[in-house]
Structures are given as C-alpha cells and as structure tokens.
Ligand code: HEC
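In the working numbering, the protein residues as written are 3 to 180.
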C-alpha cells in the first residue's frame, strides 16, 4: 500500500521531469536550426550582393513576369497581375543598371516610353478589373517590348501575347524572321 501511494504521488513529478527534458531537448534543436538558418541567410545575402545579372537575364525575368501578369489577368487575379506589372518594371530597371554604359541613355529613354505607353494601359485595365481592356493593352505592350528590341538590334527576340501554357517560353514566338 505504502509503495503504491508513493508511486502514485511521484508519477506526476516523473511526468513533469520527462516533459521538462523534452522541452529542453526541443529548445536545443530549435536553437541549432535557428543557427543553421541564420548561417544560410547570411550566405544567401552575400551571394545576392555579388550576383549581377546580365541584361539578357534581367530580360528573361521580364518575360516570365509578363506571362504571369497575363495569365493572372485572364484568371481575373488582379492582385497578381498588378504585382507582376511592378516586377516587369523592376526587371527593366535592373537591366538599365547593368547594361553597358554606352547603351544606358538610350535604354532608359526606351524604358520610360515603354512604362508610359505599354505598362500604364495595363495598369489601368488591371485597376478596372477589365479583361477586354487588358487584352487590348497587352497587344500594344508586346509591340512595346519588341520596339525596344528593334532599337537594340534584337528584332529576332519577338515577344508575343503569352499563351495559356503555364510556361515562360509561351511568351516567345520562336519562328525565325521571314
Ligand atoms: C528598354 C528596352 C527594352 C524593353 C522595353 C524590353 N526589352 Fe527585352 N531586351 C532588351 C535588350 C537590349 C535585349 C538584349 C539583351 C542582351 O544583350 O542579351 C533584350 C532581350 C530580351 C529577351 C531575350 C533574353 C535572352 O537572352 O534569351 C527577352 C526574352 C526579352 N528581352 C523580353 C522582353 C519582354 C517580355 C519585354 C516587355 C515586357 C521586353 N523584353 C522589353 C531591351 C528591352
């Protein structure tokens, strides 16, 4: 009887001790994970600082954002569409930062034209949640992309209205120039 009483009274204490141990081990693991995450974040930050895209790489971002903007708009995901428009502008700015000094002034001038005459109508359509207006504006915008390509002797990079394929490649017409 006596030992049973002792066991009964000690059981909660035992459970508490085991729980406390588990919490301590958990805390240790969490600390190790947090440390590993911090180290990884630092490595990524260093990498990001030293990564400088080439103009073509920044352009591939524009292309992907254009696809996502368009497919987002077709699905009436206007938050996504307007986010992607910001990203297109961001990727063009990125390109303007890394382009050869000799080409920069012309690039920036063309970029401003593109923002005003191609991105602005898309933004307006997005704000109005108007798919038909968006599609009209997209027909204009791809011509805007290509006008700048022509200026930089890249007419063979022909952007087209993205197809519904969920692929970045859907934005390009791969046929050779006639
Ligand atoms: C202000 C000028 C300008 C505008 C606007 C512009 N581009 Fe470009 N784009 C360039 C230049 C310059 C290149 C050639 C980059 C290089 O040197 O490789 C290029 C190349 C590209 C390429 C080829 C990348 C590769 O190497 O495979 C794609 C794709 C592209 N652009 C997409 C777009 C899309 C989509 C838009 C419109 C949303 C757009 N561009 C608007 C200047 C522009």
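Each residue gets a CB set at the ideal place from its N, CA and C atoms; glycine is no exception.
Check                                                                                                                                                   : Outcome
Closest by CA to residue 65, which one among 76, 87, 79?                                                                                                : 87
By Cβ distance, which residues of its chain are closer than 8 Å to residue 117, with the 5 residues on each side in sequence left out?                  : 91, 94
At a cut-off of 6 Å, is residue 163 close to the ligand HEC when judged by its beta-carbon and the heavy atoms of the ligand?                           : no
Report the three-state DSSP secondary structure of residue 161 (helix, strand or coil).                                                                 : strand
Fully enclosed by the segment 37 to 96, which alpha helix (DSSP H) runs are 4 residues long or longer?                                                  : 57 to 76
With hydrogens ignored, establish whether the beta-carbon of residue 2 is closer than 6 Å to any heavy atom of the ligand HEC.                          : Summary: the structure shown does not reach residue 2, with the chain confined to residues 3 through 180, and so no result is reported for it.
Quick check on DSSP: helix, strand or coil for residue 153?                                                                                             : helix
Between 154, 20, 34, 43, which has its C-alpha nearest residue 104's C-alpha?                                                                           : 154
Thinking C-beta only, is residue 128 closer than 7 Å to residue 80?                                                                                     : yes
With a threshold of 16 other CB atoms inside 10 Å of the CB of residue 61, please say whether the residue is buried or exposed.                         : buried
Find out if the Cβ-Cβ distance for the pair residue 144, residue 163 is shorter than 7 Å.                                                               : yes
Residue 180 by DSSP, collapsed to three states: which one?                                                                                              : coil
Output the boundary residues of the alpha helix (DSSP H) element that contains residue 122.                                                             : 122 to 129
Buried or exposed for residue 27, please, with buried defined as at least 16 other CB atoms from any protein chain shown within 10 angstroms of its CB. : exposed
If distances are taken between C-alpha atoms only, which option among 47, 179, 166 comes closest to residue 70?                                         : 166
Quick one: measure Cβ to Cβ for residue 97 and residue 57, integer angstroms, because I've assumed they're closer than 8 Å.                             : 5 Å
At what residues does the alpha helix (DSSP H) containing residue 105 begin and finish?                                                                 : 103 to 116
Within 6 Å: the Cβ of residue 68 and any heavy atom of the ligand HEC?                                                                                  : yes
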